[in-house]
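Going line by line, the protein sequences match chains A and B. Residue numbers for the first sequence follow the working numbering, so the first one is 1 and each next one is one higher. Residue numbers for the second sequence follow the working numbering, so the first one is 1001 and each next one is one higher. Just so you know, even glycine gets a beta-carbon here, dropped at the ideal spot from N, CA and C. Computed from a predicted structure; not experimentally measured.
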Amino acid sequence: MSATVQTLEAMERPPVSMGSRLEGELLEVSMGPQHPSTHGVFRMNVALDGEIVRKLKPVFGYLHRNHEKIGENTSYLGSMPYTDRLDYFCSMTNNWAYALSVEKLAGIQVPERAEYLRIILAELTRLQNHASLLGFLLNDMGAWGTPLMYAFREREKILDLFESLSGSRMMCDYMRFGGCRVDASDDWLVGAKKIVDRFPKFLDEFEELILGNEIVIGRTQNVGKVSAELAINAGVTGPMLRACGVNYDLRKVDGYGYYPHFKFRIPLGEHGDTYDRLMMRALEMRESVSILQQAFAQIQPGPVLNPKVKIRAFRPPIGEAYGRIEGPKGELGFYLISDGGPNPYRYRVRPPSFINLTILEDMCLGHTVADVMVILGSVDIVMGEVDR
Amino acid sequence: MMESLEEIKARIQAAAPGVKIDIVANGSPSQQHSLLIDNEHAVGIAKFLRVDPALRLDFCSNATGVDWLDRTVKKTVKVKKLVDGEEKEVNETIEGKIPGYLEAVYHLYSITHKHGPVIIRMRTADRTDGARLPSLTPIWRSAEFQEREIFDLYGVRFDGHPDLRRILMWDEFQDYPMRKDYREPDDYEWEPTPHDEVLEKAKQHYPPRPAEEELKPS
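Encoded structure:
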């Protein structure tokens, strides 16, 4: 080794890159909107340095149909079936969030059996949403088909339950202001209980299959980390927020419906990476099974619809209300302003997966293109809700 | 329990004298009243709400716009009038006009203290295309996409927003579809045919073709 003495001038000069890498040349790639792993028509404009993401701008609006404007031009009841189409995986929770906001706006009470049915259906929705999300996420990682089919086999059983109760697998349109549309028969409850009782067995199998898998761990751990402060500030909600270790679940915090009568735990992550987000879903499904078993044990016969509510020709008093529930994807809220007429003056949906995408760029910076797919999959988006 | 809006208002005004805050009452059974804050001090008030140890409203859940058209309000006022030479009290209706404005509404919650919502609203001066409001994205990043959406659908320009572009509609779109007086075009697919303005543009873009004589081989 020989030491070279540099002159002062040479030291002050900015360093000239001599390596083989080209500096300052970014390749701009448009990922999507037609791409199987963007979960619909979602586009990201990515600036790449080699394979590393340096910039990422999401582009929305390919599925935009101005849901809110349509909601303002329809009666309160008329928007109920349309909320099914927001997040078409979880129509039951969409119905509940909308019904809850209208009930807040008009001060409507809900009978006890209806509250139990709502909890049963919301938790079943959570089960099938989380199960299929894990399947899709594995699909994005390259585990073609098998995990997704395992998840869809279970999801199909739950959708059959929805169909026999509401008449439709996915577009359920089941809830009404002040209760539910139809009562569940005893046979239905027995059948639902059977499916829920068998669900932990599927979970054991599924977790054995994916969560200990070396490739899954390699692809997800330390990928797409989010700090708790950033997640709170960026309005991230749902399993994504809890993966950062923030204990905030609206079922506990707001205690809407009959959730205060139930015993369940809130799983919390530690690192806020993709693996934690994946684990949140797996652990939440266990808790949902426990809630469902309690609900099946406690549910009593009774009316399911408040008879005092005029559902047709419904005119709430002048004012406004914001109601929110813990949807499977995060905080789903509806903000309604009534001017005393049959249509809402303002009808606003607070879509969880849209706002969870705020930090997509922060999560992806410095990772490879292949990781972007996994990170996006772990956010759990449905474009029907993001674009509205 | 969270303190009432009156207490919050009093504390903000004690911390920063001269700030104008009104409480907007909500007549519905939801009892969600809101604070109308003045646009000039909005960022300061928002910072106070987020940082204040008793409130710690660190989570801006929902941000949205509302369009209020011009309204006429009728008031009955008793007026003393001379009727048949006698002074009598007569009811008279006076029509008052409230000019329209655009509104941005923010629903704030605290994850630290698990309370909320505190609702704050800001109003623009008018409903013209240049309607402006201060952006609260520097305080709560969750407002980033939602303020873009308000700009896109209502046409409120947010000062201080890092990246204010259309978000749901395409970039070339002209109008603001969530406004109450928006009329949708008959045909979204309409494209200008190569006449008039398009032809004019094309002429500017391409140099005129050389005359035929010049093209002939000499």
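1. Taking its Cβ as the centre, do 16 or more other Cβ atoms sit within 10 Å of Met149 of chain A, making it buried, or is it exposed?
2. Nearest CA to the CA of Ala243 of chain A: which residue from A:Lys263, A:Thr220, A:Gly255, A:Phe264?
3. Going along the chain, which unbroken runs of the alpha helix (DSSP H) with 4 or more residues stay wholly within the stretch 287-368 of chain A?
4. Enumerate in chain order the residues of its own chain whose CB-to-CB distance from Arg1157 of chain B is below 8 Å, with the five nearest sequence positions on each side excluded.
5. Less than 8 Å between the beta carbons of Val1024 of chain B and Leu1136 of chain B, yes or no?
6. Step through the CB atoms of chain B and report whether any lies within less than 8 Å of the CB of Phe60 of chain A.
7. At 7 Å on the CB atoms, spell out the chain A contacts of Gln1032 of chain B, in chain order.
8. With 8 Å set as the bound, which would you pick, yes or no: does the beta-carbon of Thr1064 of chain B sit closer than that to a beta-carbon of chain A?
9. Lys329 of chain A and Asp173 of chain A: beta carbons closer than 8 Å?
10. Could you tell me which chain B residues have their CB closer than 8 Å to the CB of Leu105 of chain A, listed as they occur along the chain?
11. At which residue ranges does the stretch 223-277 of chain A contain complete alpha helix (DSSP H) runs of 4 or more residues, listed in the order of the chain?
12. By the criterion of Cβ-Cβ separation under 7 Å, what are the contact partners of Glu68 of chain A in chain B?
13. Let me make sure I understand the geometry here. Which of B:Glu1197, B:Lys1114, B:Val1105, B:Glu1089 has the alpha-carbon closest to that of Phe334 of chain A?
14. Does the distance from the C-beta atom of Ile266 of chain A to that of Asp249 of chain A stay below 8 Å?
15. Can you tell me whether DSSP reads Tyr1101 of chain B as helix, strand or coil?
16. On the DSSP bridge list, what partners appear for Trp188 of chain A?
17. What residues in its chain sit with their C-beta under 7 Å from that of Met363 of chain A, if we drop five residues either side in the sequence?
18. Once the 5 residues before and after His1115 of chain B are set aside, which same chain residues still bring their CB inside 6 Å of it?
19. I'd like to know if the stretch 309-320 of chain A and the stretch 114-133 of chain A are in contact, where contact means that at least 3 CB-CB pairs between them fall below 8 Å.
20. Closer than 6 Å by C-beta to Ile1167 of chain B: which residues in its own chain qualify, once you throw out the five before and the five after it? Chain order, please.
21. Leaving out the 5 sequence neighbours to the left and right, which residues in its chain are closer than 6 Å to Asn139 of chain A when beta-carbon positions are compared?
22. Hey, quick one: how far does the beta strand (DSSP E) through Met1169 of chain B stretch, first residue to last?
23. Quick check: what's the CA-CA separation for Arg181 of chain A versus Phe1048 of chain B?
24. Hey, out of A:Gln109, A:Val190, A:Leu241, A:Arg85, whose CA is closest to Met171 of chain A's CA?
25. For chain B, check one thing: does any of its Cβ atoms lie closer than 8 Å to the Cβ of Thr358 of chain A?
26. According to DSSP, what are the bridge partners of Ile70 of chain A?
27. Who are the neighbours of Asp1058 of chain B on chain A, taking C-beta pairs under 9 Å?
28. So His130 of chain A is in the alpha helix (DSSP H); what residue range does that whole segment cover?
29. From B:Asn1091, B:Gln1013, B:Pro1185, B:Glu1197, pick the residue whose C-alpha is nearest to that of Lys1081 of chain B; which is it?
30. Taking 8 Å as the threshold (C-beta atoms), are Val53 of chain A and Pro316 of chain A in contact?
31. Report the residue ranges of all beta strand (DSSP E) runs contained in full by the stretch 1067-1130 of chain B; include only those spanning at least 3 residues, in chain order.
32. What residues from chain A crowd round Glu1144 of chain B, counting only those whose CB sits closer than 7 Å?
33. List the residues of chain A whose Cβ lies closer than 8 Å to the Cβ of Pro1117 of chain B, in chain order.
34. Need the endpoints of the beta strand (DSSP E) that Asp1022 of chain B sits in, please.
35. Ile1111 of chain B touches chain A at which residues, Cβ-Cβ below 7 Å?
36. Confirm, please, whether the CB-CB distance from Phe60 of chain A to Asp387 of chain A is below 8 Å.
On the basis of the coordinates in this document:
1. exposed
2. A:Thr220
3. 352-356, 360-364
4. Gly1130, Ala1131, Arg1132, Leu1133, Phe1151, Leu1164
5. no
6. Under the Cβ distance rule, Phe60 of chain A counts among the residues neighbouring chain B, one pair being separated by less than 8 Å.
7. Glu320, Ala321, Tyr322
8. yes
9. The criterion of a C-beta distance shorter than 8 Å is not satisfied by Lys329 of chain A and Asp173 of chain A.
10. Ser1028, Pro1029, Ser1030
11. 228-233, 239-242, 250-253
12. Met1178
13. B:Val1105
14. yes
15. strand
16. In the DSSP output, where bridge partners are listed per residue, Trp188 of chain A has none listed.
17. Gly224, Val226, Ile375
18. Met1002.
19. No, because fewer than three Cβ pairs between the stretch 309-320 of chain A and the stretch 114-133 of chain A fall closer than 8 Å, the two stretches do not touch.
20. Arg1148, Glu1149, Asp1152
21. Leu148
22. No beta strand (DSSP E) holds Met1169 of chain B; DSSP gives it neither H nor E.
23. 45 Å
24. A:Arg85
25. Output row for Thr358 of chain A: interface = yes.
26. Paired residues: none, contrary to the question.
27. Glu229, Ile232, Asn233
28. 112-141
29. B:Asn1091
30. no
31. Entirely contained in the stretch 1067-1130 of chain B, the beta strand (DSSP E) runs reaching 3 residues are, in chain order, 1071-1083, 1086-1098, 1101-1110, 1115-1123.
32. Thr358
33. Tyr322
34. That run of the beta strand (DSSP E) goes 1021-1024.
35. What Ile1111 of chain B touches in chain A: Ile232, Val246, Tyr248.
36. yes
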